[in-house]
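Some notes on the structure that comes next.
There are 2 protein chains.
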Amino acid sequence: MASQTEAVTTAHEHSSPSVNGFSENKAEATTAPTPKKRPSKYRHVAAYHAQLRQSSLSRDSETTPSFLGFRNLMVLVLVAMNLRLIIENFMKYGVLICIKCHDYRKQDIILGSVLFALVPCHLFLAYAIELSAAGAAKQTVGRQKKTVEEKERDQQAFRSTWRYTALLHSLNASICLALTSFVVYFYIHHPGIGTLCQLHAIIVWLKNCSYAFTNRDLRLAYLNPSADPGLPEIYSTCPYPRNVTLKNLAYFWMAPTLVYQPVYPRTASIRWSFVAKRLAEFVGLSVFIWLLSAQYAAPVLRNSIDKIAVMDIASILERVMKLSTISLIIWLAGFFALFQALLNALAEVMQFGDREFYTDWWNSSSLGGYWRSWNRPVYLFMKRHVYSPLVGRGWSPLAASGMVFALSAILHEMLVGLPTHNFIGVAFFGMMFQLPLIALTAPLEKMSGPQGKTIGNCIFWVSFCLVGQPLGALLYFFAWQAKYGSVSRMGV
Amino acid sequence: MASQTEAVTTAHEHSSPSVNGFSENKAEATTAPTPKKRPSKYRHVAAYHAQLRQSSLSRDSETTPSFLGFRNLMVLVLVAMNLRLIIENFMKYGVLICIKCHDYRKQDIILGSVLFALVPCHLFLAYAIELSAAGAAKQTVGRQKKTVEEKERDQQAFRSTWRYTALLHSLNASICLALTSFVVYFYIHHPGIGTLCQLHAIIVWLKNCSYAFTNRDLRLAYLNPSADPGLPEIYSTCPYPRNVTLKNLAYFWMAPTLVYQPVYPRTASIRWSFVAKRLAEFVGLSVFIWLLSAQYAAPVLRNSIDKIAVMDIASILERVMKLSTISLIIWLAGFFALFQALLNALAEVMQFGDREFYTDWWNSSSLGGYWRSWNRPVYLFMKRHVYSPLVGRGWSPLAASGMVFALSAILHEMLVGLPTHNFIGVAFFGMMFQLPLIALTAPLEKMSGPQGKTIGNCIFWVSFCLVGQPLGALLYFFAWQAKYGSVSRMGV
Numbered sequence: 004m005a006s007q008t009e010a011v012t013t014a015h016e017h018s019s020p021s022v023n024g025f026s027e028n029k030a031e032a033t034t035a036p037t038p039k040k041r042p043s044k045y046r047h048v049a050a051y052h053a054q055l056r057q058s059s060l061s062r063d064s065e066t067t068p069s070f071l072g073f074r075n076l077m078v079l080v081l082v083a084m085n086l087r088l089i090i091e092n093f094m095k096y097g098v099l100i101c102i103k104c105h106d107y108r109k110q111d112i113i114l115g116s117v118l119f120a121l122v123p124c125h126l127f128l129a130y131a132i133e134l135s136a137a138g139a140a141k142q143t144v145g146r147q148k149k150t151v152e153e154k155e156r157d158q159q160a161f162r163s164t165w166r167y168t169a170l171l172h173s174l175n176a177s178i179c180l181a182l183t184s185f186v187v188y189f190y191i192h193h194p195g196i197g198t199l200c201q202l203h204a205i206i207v208w209l210k211n212c213s214y215a216f217t218n219r220d221l222r223l224a225y226l227n228p229s230a231d232p233g234l235p236e237i238y239s240t241c242p243y244p245r246n247v248t249l250k251n252l253a254y255f256w257m258a259p260t261l262v263y264q265p266v267y268p269r270t271a272s273i274r275w276s277f278v279a280k281r282l283a284e285f286v287g288l289s290v291f292i293w294l295l296s297a298q299y300a301a302p303v304l305r306n307s308i309d310k311i312a313v314m315d316i317a318s319i320l321e322r323v324m325k326l327s328t329i330s331l332i333i334w335l336a337g338f339f340a341l342f343q344a345l346l347n348a349l350a351e352v353m354q355f356g357d358r359e360f361y362t363d364w365w366n367s368s369s370l371g372g373y374w375r376s377w378n379r380p381v382y383l384f385m386k387r388h389v390y391s392p393l394v395g396r397g398w399s400p401l402a403a404s405g406m407v408f409a410l411s412a413i414l415h416e417m418l419v420g421l422p423t424h425n426f427i428g429v430a431f432f433g434m435m436f437q438l439p440l441i442a443l444t445a446p447l448e449k450m451s452g453p454q455g456k457t458i459g460n461c462i463f464w465v466s467f468c469l470v471g472q473p474l475g476a477l478l479y480f481f482a483w484q485a486k487y488g489s490v491s492r493m494g495v
Numbered sequence: 004m005a006s007q008t009e010a011v012t013t014a015h016e017h018s019s020p021s022v023n024g025f026s027e028n029k030a031e032a033t034t035a036p037t038p039k040k041r042p043s044k045y046r047h048v049a050a051y052h053a054q055l056r057q058s059s060l061s062r063d064s065e066t067t068p069s070f071l072g073f074r075n076l077m078v079l080v081l082v083a084m085n086l087r088l089i090i091e092n093f094m095k096y097g098v099l100i101c102i103k104c105h106d107y108r109k110q111d112i113i114l115g116s117v118l119f120a121l122v123p124c125h126l127f128l129a130y131a132i133e134l135s136a137a138g139a140a141k142q143t144v145g146r147q148k149k150t151v152e153e154k155e156r157d158q159q160a161f162r163s164t165w166r167y168t169a170l171l172h173s174l175n176a177s178i179c180l181a182l183t184s185f186v187v188y189f190y191i192h193h194p195g196i197g198t199l200c201q202l203h204a205i206i207v208w209l210k211n212c213s214y215a216f217t218n219r220d221l222r223l224a225y226l227n228p229s230a231d232p233g234l235p236e237i238y239s240t241c242p243y244p245r246n247v248t249l250k251n252l253a254y255f256w257m258a259p260t261l262v263y264q265p266v267y268p269r270t271a272s273i274r275w276s277f278v279a280k281r282l283a284e285f286v287g288l289s290v291f292i293w294l295l296s297a298q299y300a301a302p303v304l305r306n307s308i309d310k311i312a313v314m315d316i317a318s319i320l321e322r323v324m325k326l327s328t329i330s331l332i333i334w335l336a337g338f339f340a341l342f343q344a345l346l347n348a349l350a351e352v353m354q355f356g357d358r359e360f361y362t363d364w365w366n367s368s369s370l371g372g373y374w375r376s377w378n379r380p381v382y383l384f385m386k387r388h389v390y391s392p393l394v395g396r397g398w399s400p401l402a403a404s405g406m407v408f409a410l411s412a413i414l415h416e417m418l419v420g421l422p423t424h425n426f427i428g429v430a431f432f433g434m435m436f437q438l439p440l441i442a443l444t445a446p447l448e449k450m451s452g453p454q455g456k457t458i459g460n461c462i463f464w465v466s467f468c469l470v471g472q473p474l475g476a477l478l479y480f481f482a483w484q485a486k487y488g489s490v491s492r493m494g495v
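So the sequences go chain by chain: F and X.
Just add 3 to the spot in the first sequence (first one is 1) and you have my numbering.
Just add 3 to the spot in the second sequence (first one is 1) and you have my numbering.
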């Protein structure tokens, strides 16, 4: 029955243009109406119900309809809800943005500049240390004709040189970091300036470590020449010790990476228009973030102080949720500004070829996947200089991962706790809390269907962006308020 | 260069398990490390930056990454934002749901019951009219041996019979509708009960029209027998006038369609578990809608009265936006409750086979597409009994569409304006406003790329669900308040 009646229905559907669409009429006019069935005389009898059909949302339905329209609806509802909150915010607070109100102290700026200026000195010291180590190695290699005894002695010489070098490097790098931390914690009031100084110091510390470790291994390979030295081919254009130059180190300092290599893949030229666009993005997003935190985040934070003080759980939950959207937008904008705009601009100026500063972390179906993909520079550093060596020494992957997260947790707490003058350990424990979350979400990532991955992805977003970040911000803000009473702006 | 160094990098990525994931270690342990490159001695030298790569969000990047994770994020943010609003609402208003506070008047319920009871009487009259017309037709056909003259006389007889029948049907159907409208507008205070009565009356009126028109054409075909009568094959099991029975009409009254057919596709049996599930869905969603409107929509509507009164545009905009999310959820729940749950339950009980009460209207890329797909029963009625006949008489598709929307606009205004006792024309002009919107979005639907369709879909959602519905609700609520001062509940 179905096939014939279906043909009739289709003929009708085509010959009588649809009710509400002028749109479809023209299109249908070009397709000639079926010749057999003239709908002329008996227009009111067409059998529109001629076959068994299921509602498309029923489980009996053979095909699942597309839900693409609901994606558009979600975007629109999010826009509408946030536009409403913007209007509400203005009606409630008016314009809160005020450049002059900002509490920049002269001392902060002077101290910050001094700290920035000190960094090249430490780098110069690192260079001097490596230069002397390279000199010693050159002397060793200079002595030709090797016996087994001589080789043994060379090894010992290398080890003692390394001990000496390592000590000097540690002293140099740690003094730089310790000094900055001390000044930021005790003398720089403004959390923004403090964060910048502290961030720079941590980056240089990591670079220093990578420089020392890499040169150590390169020196070792240099002292033990063999047919297959086990060094990457890309390094062959600049073999040890020719890489130990001030220019090479300066390039590493400025390059958007924490992993030292004598040679990096380089681009042929600098596209200044590219640089300009990326910098414009960075500046635009920075202003956007500043406006957002001054106009939206600040009042929410301020309104939550009383609620935290009396531990009103429902209100704290409400505040965290209100904050979560804003902090999420700030976070996403900050990610894009830093990892896409700024690092790409820097890479272009430095003709640095490897721009994989992140991969698609937003699709992470586990916390582990997230930490491997969102911040590739730090990830690569940890992988090369902490995880791999520890596993090489026989540590279990679990213990090595724990070590990586412990180090990362300390650095995070330094980055957040020192500039806000509250070493309260939230950032530290937040990072350490990643380990159970990683263990929890790892099985989901490996599930075959898309469902496990979706659940893993949702756990990532909720734990990290919707709860973790705003709760952390709230706690540091509360600690700041408890210590200083008032704040002009929350450090990012 | 790239291919070789890439191999090296990949080898490294695989041999040294990734930093932060225990998750990946086990999987990698099973894939044997590449034999050539032992990462044993020189762990700190791996060339992680060995090739030119682009950031995945850069325009230079060859592949666009998937953004599936952001879809999950959108869902989570929507949930979080609305959870927050729920908490805020409870902190502000407490529990507003109150069954006893409901202003049900005894008179409303009695009058509503009487109106419902009157409908079968009108249907019986419609049956009597058709029965007498069929009797006359039978007599005409009974007289055999036809000359041309006799045929001419039969045609005239048919036309006069039709005029007579049409007048009686019009009187019968219109008295039923007019009486209900009059009682609902003047004597039924509660907008919910009024809406139910009015909806039932309009449905029966439409069914009456369809019954009269269809039987007219069937009679015409009966009086002019030919080899190809031009009737759908499905009708052959119940040819005119055998379909004019009380049972047949009663089935049409209860069946979930507005288009009369002597025969419908039927299912073999009634699955009572299916009916129970659909009814449970309907009841559950109805309660959900009631809770939502009492707890969330009512305060928003109440708070907006002052703002409309003083025409504060920013505040009205804010109220419309706040209302839009709630009205959207109510609308979606209502759609599902009515078109998926209730009509499917009814169809199952009636063994009605064609369950296509809607198609995927949420993907509509034009307003025209939306009106063709969201409410198939009304669409099919309009197409068969208004649009097609008018186009058949030589009307332009544009004019015929205009007629359809004008009729629809009148029915919408009756459905909303009468039970709320405010014939303010918002529903009428809202429907008429669809015509320019359809014309505007029609070109978008026909664009080849997905972009035009997405824009069209967004225009549909914004115009219909985010602005049209809440604005309409606000205006009718305001009119109600202006007339009665206080309201226990807004009629849906």
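For each residue, glycine too, the CB sits at the ideal point set by N, CA and C.
What does the Cβ neighbour count give for Asn-306(F), buried or exposed, with the cut at 16 atoms within 10 Å?
Mapped onto the first sequence, residue 306(F) falls at position 303. The residue in question, Asn-306(F), is exposed, as its Cβ has fewer than 16 Cβ neighbours within 10 Å.
Do we get a CB-CB distance below 8 Å when we pair Ala-53(X) with the residues of chain F?
Residue 53(X) sits at position 50 when you count from the first residue of the second sequence. It does; some Cβ of chain F falls within 8 Å.
List, in chain order, every chain X residue whose beta-carbon is nearer than 7 Å to that of Ile-90(F).
On the first sequence, residue 90(F) is found 87 positions in, with the first residue counted as 1. Ordered by position in chain X, the residues that pass the 7 Å Cβ test against Ile-90(F) are Ala-317, Leu-320 and Glu-321.
Expressed to the nearest angstrom, what Euclidean distance is found between the alpha-carbon atoms of Leu-170(F) and Thr-164(F)?
On the first sequence, position 167 is the one that residue 170(F) refers to. On the first sequence, position 161 is the one that residue 164(F) refers to. One C-alpha to the other measures close to 10 Å.
Any beta carbon from chain X within less than 8 Å of Ser-61(F)'s own beta carbon?
Taking the first residue of the first sequence as 1, we reach residue 61(F) at position 58. Chain X contact via Cβ: present.
Residue nearest to Leu-259(X) in terms of C-alpha spacing, selected from Ala-301(X), His-203(X), Ile-292(X) and Pro-302(X):
To locate residue 259(X), count along the second sequence from 1; it is residue 256. The sequence given here places Pro at residue 259(X); Leu does not occur at that position. Of the listed residues, the one whose Cα sits closest to Pro-259(X) is His-203(X).
Write down the C-beta distance between Ile-3(X) and Gln-354(X) rounded to the nearest angstrom, noting that I regard them as a contact closer than 8 Å.
Any question about residue 3(X) goes unanswered here, given that chain X covers just 4 to 495.
Do Ser-327(F) and Pro-473(F) count as a contact pair if the criterion is CB distance below 8 Å?
Position 470 of the first sequence, counting from 1, holds the residue named residue 473(F). Position 324 of the first sequence, counting from 1, holds the residue named residue 327(F). It is a contact, given that the beta carbons lie within the stated cut-off.
Within the chosen definition, does the region 475–482 of chain X reach the region 392–399 of chain X through at least 3 CB pairs nearer than 8 Å?
The count of Cβ pairs closer than 8 Å, one atom from the region 475–482 of chain X and one from the region 392–399 of chain X, stays below three, leaving the stretches out of contact.
Can you tell me whether Phe-161(X) is helix, strand or coil according to DSSP?
As a working mapping, residue 161(X) is identified with position 158 in the second sequence. DSSP places Phe-161(X) in helix when its eight states are reduced to three.
At a Cβ threshold of 8 Å, is Trp-365(X) touching chain F?
Taking the second sequence and counting its residues from 1, one reaches residue 365(X) at position 362. Yes, Trp-365(X) counts as interfacial toward chain F.
Are Gln-343(F) and Ser-58(X) close, meaning C-beta to C-beta below 8 Å?
As a working note, residue 343(F) is residue 340 in the first sequence. As a working note, residue 58(X) is residue 55 in the second sequence. Yes.
By how many angstroms is the C-alpha of Glu-359(F) removed from the C-alpha of Cys-101(X)?
Counted from its first residue, the second sequence places residue 101(X) at position 98. Counted from its first residue, the first sequence places residue 359(F) at position 356. When rounded, the distance between both Cα atoms is 59 Å.
Suppose only complete runs of 4+ residues qualify. What are the alpha helix (DSSP H) ranges in the region 430–489 of chain X, listed by chain order?
For the region 430–489 of chain X, whole alpha helix (DSSP H) runs of length 4 or above, ordered along the chain, are 437–449, 453–464 and 472–487.
Reduced DSSP secondary structure (H/G/I, E/B, other) of Phe-426(X)
Taking the first residue of the second sequence as position 1, residue 426(X) is located at position 423. In the structure shown, Phe-426(X) sits in coil (DSSP, three-state: anything other than H, G, I, E or B).
For Phe-277(F), which residues in the same chain have their Cβ closer than 7 Å to its Cβ, ignoring the five residues on either side in sequence?
For this step, residue 277(F) is matched to residue 274 along the first sequence. Contacts found: Glu-351.
Taking only three categories from DSSP, how would you classify Asp-309(X)?
Along the second sequence, read from residue 1 onward, the residue named residue 309(X) stands at position 306. Helix at Asp-309(X).
Mind checking Thr-240(F): buried by the 16 CB within 10 Å criterion, or exposed?
As a position in the first sequence, residue 240(F) is number 237, starting the count at 1. A residue is called buried when at least 16 other Cβ atoms come within 10 angstroms of its Cβ; Thr-240(F) does not meet this threshold and is exposed.
Report the residue from Phe-426(X), Val-144(X), Leu-121(X) and Trp-293(X) whose alpha carbon sits nearest the alpha carbon of Arg-222(X).
Taking the first residue of the second sequence as 1, we reach residue 222(X) at position 219. That would be Val-144(X), whose Cα lies nearest to the Cα of Arg-222(X).
Would you check if there are 3 or more beta carbon pairs closer than 8 Å linking the region 381–395 of chain X to the region 405–413 of chain X?
yes
Endpoints, the alpha helix (DSSP H) within which Tyr-225(F) is located:
Translated into positions along the first sequence, residue 225(F) becomes position 222. That run of the alpha helix (DSSP H) goes 194–226.
Strictly below 8 Å CB to CB, what residues from chain X border Tyr-238(F)?
As a first step, residue 238(F) is located in the first sequence; it is residue number 235 there, counting from the start. For Tyr-238(F), the C-beta contacts it makes with chain X under 8 Å involve Val-48 and Ala-50, in order along the chain.
Buried or exposed, going by whether 16 or more other CB atoms sit within 10 Å of the CB of Trp-208(X)?
One-based indexing of the second sequence puts residue 208(X) at position 205. Buried, by the Cβ-count rule.
So, at 8 Å on beta carbons, what are the nonlocal neighbours of Asn-251(X) in its own chain, with the 5 sequence-adjacent residues on each side left out?
Taking the second sequence and counting its residues from 1, the one referred to as residue 251(X) is at position 248. Contacts found: Cys-241 and Pro-265.
Which runs of the alpha helix (DSSP H), 4 residues or longer, sit entirely within the region 81–169 of chain X?
109–145
If I follow the unbroken alpha helix (DSSP H) through Asn-347(F), where does it start and stop?
Taking the first sequence and counting its residues from 1, the one referred to as residue 347(F) is at position 344. From DSSP, the alpha helix (DSSP H) with Asn-347(F) extends over 346–352.
Using the beta-carbon of each residue, which ones in chain A are nearer than 8 Å to Lys-325(X)?
Looking at the structure shown, chain A is missing, and the protein chains on hand are F and X.
Check the Cβ-Cβ distances between Gln-298(F) and every residue of chain X, and say whether any is below 8 Å.
Taking the first residue of the first sequence as 1, we reach residue 298(F) at position 295. Closer than 8 Å: no.
What span of residues does the alpha helix (DSSP H) with Val-323(X) cover, start to end?
Taking the second sequence and counting its residues from 1, the one referred to as residue 323(X) is at position 320. Residues 316–338.
What would DSSP say about Phe-355(F), mapped onto helix, strand or coil?
In the first sequence, counting from the first residue as 1, residue 355(F) sits at position 352. DSSP places Phe-355(F) in strand when its eight states are reduced to three.
For Leu-288(X), I'd like the list of residues in its chain whose CB is within less than 8 Å of its CB, leaving aside the five on either flank, ordered along the chain.
For the purposes of this step, residue 288(X) is taken as residue 285 along the second sequence, with counting starting at 1. These residues qualify, in order along the chain: Ala-336, Gly-337, Phe-339, Ala-340 and Ala-344.
Do we get a CB-CB distance below 8 Å when we pair Asp-220(X) with the residues of chain F?
Counting from 1 along the second sequence, the entry for residue 220(X) is found at position 217. So, interface residue.
Which chain X residues sit within Cβ distance under 9 Å of Gly-471(F)?
As a first step, residue 471(F) must be located in the first sequence, where it is residue number 468. The contacting residues do not exist; Gly-471(F) stays about 13 Å from chain X at best.
Can you tell me which of the three DSSP states Arg-379(F) falls into?
Position 376 of the first sequence, counting from 1, holds the residue named residue 379(F). Three-state result, Arg-379(F): helix.
Helix, strand or coil for Arg-56(F), going by three-state DSSP, please let me know.
Your numbering for residue 56(F) matches position 53 in the first sequence. Strand.
Chain X contact for Gly-24(F) (CB, 8 Å cutoff)
Reading the first sequence from its first residue, position 21 is the one you call residue 24(F). Unreliable positioning characterises Gly-24(F) in this predicted model, as indicated by a pLDDT of 42, which lies under 50. A coordinate reading is not provided.
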